[in-house]
Amino acid sequence: MRMVFRWFGEGNDSVTLSQIKQIPGVEGIVWALHDIPPGEIWPKDRIYEVKQQVERYGLHLDVVESVNIHESIKLGRADRDRYITNYIETIKNLAAVNVKVICYNFMPVFDWVRTDLFGSLPDQSTALFYEKAKVTDMDPLELVEKIAANPDYTMPGWEPERLETLKDLFAAYQHVTEDDLIDHLRYFLQKVIPVCEEYDIKLAIHPDDPPWEIFGLPRIVTTQERLRNIMGLVPSKYNGITLCSGALGVRRDNDIVSMIHEFQDRIHFAHIRNVKLFDNGNFIETSHRTNDGSIGIDEIVRAYHDVNFTGYTRPDHGRHIWDEQCRPGYGLYDRALGIMYLWGLWDAYQLVKGKDEADVTNPFELKK
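Written as structure tokens, this is what we have:
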């Protein structure tokens with residue numbers, strides 16, 4: 101398990117690289133050029149700028165989250181080849197700085213949906229919250245205004261410029277079925293996976309969040325069977341998965357442990373977070389601790405340990421605690437606590453198995 105931490109860039113994050121460096125066991129950052137619109141090529145000079153910033157702190161930038169897919173590709177429009185060509189050029193540019201994994205999603209219009217960025221938890225912390233009844237009754241434009249109104253930081257997947265044509269997008273998806281969307285994903289993968297193989301960069305599709313139909317839009321990355329089908333669209337190890345315990349885990353019929361065992365060779369990136377599920381369909385994100393939510397984080401980490409997982413892992417969203425002013429879901433404190441919980445589980449499983457694989461080198465030992 102290789103621990104990484106999502107960082108939104110200088111001037112765009114309340115968390116600094118210096119702080120990330122001090123979290124035990126974190127070796128790299130998960131990053132993106134968030135101001136580059138989907139479909140545009142990521143410039144080499146901007147990529148190298150991030151490389152210099154990150155390497156100054158002894159961290160790597162192996163994992164990108166995300167290089168967003170242009171809606172024309174998802175819709176299967178006539179101009180999709182132009183945007184696929186641009187995506188390929190971005191892959192090549194990222195290979196030049198040794199990026200190894202690109203996380204992406206294939207969700208129409210919205211990358212994720214929550215109804216409240218600051219839902220209340222019993223301990224008086226707050227976290228991202230989903231209220232089923234509100235989604236059922238809410239106009240999606242109302243939700244956009246609410247999420248985009250966050251005054252300090254843009255939310256990934258909800259950048260205002262991406263949502264300016266929302267009404268047109270809903271109209272365009274009106275006649276797109278799940279089968280259509282899968283065909284469009286197949287077309288995209290058939291074009292880009294050979295390039296990924298050539299440049300040694302793995303693609304890792306993120307599950308739909310949440311993994312069911314939203315506002316009548318088709319969703320295709322929702323269950324173990326769906327993931328199995330997607331892996332078969334292009335049978336290459338470079339066509340892989342970002343296995344998100346929180347996104348998939350809000351469906352009670354999803355068995356995350358079974359997915360880890362089945363897809364172990366295709367999981368290139370692991371998101372680990374806990375969620376409290378309610379009988380009415382609502383859910384709220386919690387601390388990573390198993391007992392605080394509805395997802396067996398202890399069993400998930402055990403499964404990764406049992407399959408000798410060596411891929412990249414990050415604590416996913418965290419609570420807002422200790423009066424931290426941060427991007428919703430992406431503060432320092434709770435994600436750092438989450439990392440220590442994940443390492444605690446991992447180290448315990450090492451001891452139980454009698455293994456001695458952990459790196460216990462003293463990082464403060466003076467070099468002669």
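Under my numbering, the first residue of the sequence shown is numbered 101, with each subsequent residue one higher.
Don't be surprised by glycine CBs; every beta carbon is placed ideally from N, CA and C.
Remember, predicted model here, so these are calculated numbers, not experimental data.
One question on the structure: do residue i and residue j come within less than 7 Å of each other, judged by their Cβ atoms?
i: residue 131; j: residue 159; result: no
i: residue 371; j: residue 344; result: yes
i: residue 229; j: residue 211; result: no
i: residue 202; j: residue 167; result: yes
i: residue 225; j: residue 421; result: yes
i: residue 435; j: residue 415; result: yes
i: residue 334; j: residue 290; result: yes
i: residue 122; j: residue 432; result: no
i: residue 303; j: residue 273; result: no
i: residue 367; j: residue 341; result: yes
i: residue 191; j: residue 295; result: yes
i: residue 126; j: residue 105; result: yes
i: residue 297; j: residue 338; result: yes
What does a CB cutoff of less than 6 Å around residue i pick up in its chain, not counting 5 residues either side in sequence?
i: residue 376; result: 384, 386, 393, 394
i: residue 282; result: 320
i: residue 403; result: 357, 360
i: residue 193; result: 142, 144, 147
Mapping DSSP to helix, strand and coil, what is residue i?
i: residue 465; result: With a pLDDT of 48 at residue 465, under the threshold of 50, the modelled position of this residue cannot be trusted, and the question is left open.
i: residue 410; result: coil
i: residue 273; result: helix
i: residue 161; result: strand
i: residue 443; result: helix
i: residue 154; result: helix
i: residue 429; result: coil
i: residue 132; result: coil
i: residue 116; result: coil
i: residue 449; result: helix
i: residue 168; result: coil
i: residue 340; result: strand
Within the 7 Å Cβ cut-off, does residue i reach chain D?
i: residue 131; result: Going by chain labels, chain D is absent from the structure shown, which holds only one protein chain.
Buried or exposed, going by whether 16 or more other CB atoms sit within 10 Å of the CB of residue i?
i: residue 460; result: With a pLDDT of 43 at residue 460, under the threshold of 50, the predicted position of this residue should be treated as unreliable, though the coordinate-derived value follows. Exposed, by the Cβ-count rule.
i: residue 378; result: exposed
i: residue 237; result: exposed
i: residue 275; result: exposed
i: residue 143; result: exposed
i: residue 354; result: buried
i: residue 327; result: buried
i: residue 267; result: exposed
i: residue 243; result: buried
i: residue 110; result: exposed
i: residue 222; result: exposed
In the DSSP assignment, what residue or residues form a beta bridge with residue i?
i: residue 216; result: 229
i: residue 385; result: 375
i: residue 368; result: Looking at the DSSP assignment, residue 368 forms no beta bridge with any residue, so it has no partner.
i: residue 103; result: 126, 413
i: residue 302; result: 201
i: residue 314; result: 317
i: residue 420; result: 226
Cutting at 8 Å between CB atoms, please list the residues of its own chain near residue i, excluding the five before and the five after it.
i: residue 364; result: 407, 409
Excluding the five sequence neighbours on either side, which residues of its own chain have a C-beta within less than 7 Å of the C-beta of residue i, listed in chain order?
i: residue 468; result: Caution is warranted here: a pLDDT of 35 is assigned to residue 468, below 50, making its placement in the model unreliable, and the coordinate value is therefore given only provisionally. Closer than 7 Å at the Cβ level, and outside the excluded window around residue 468, lies no residue.
i: residue 180; result: 172, 173
i: residue 446; result: 101, 401, 405
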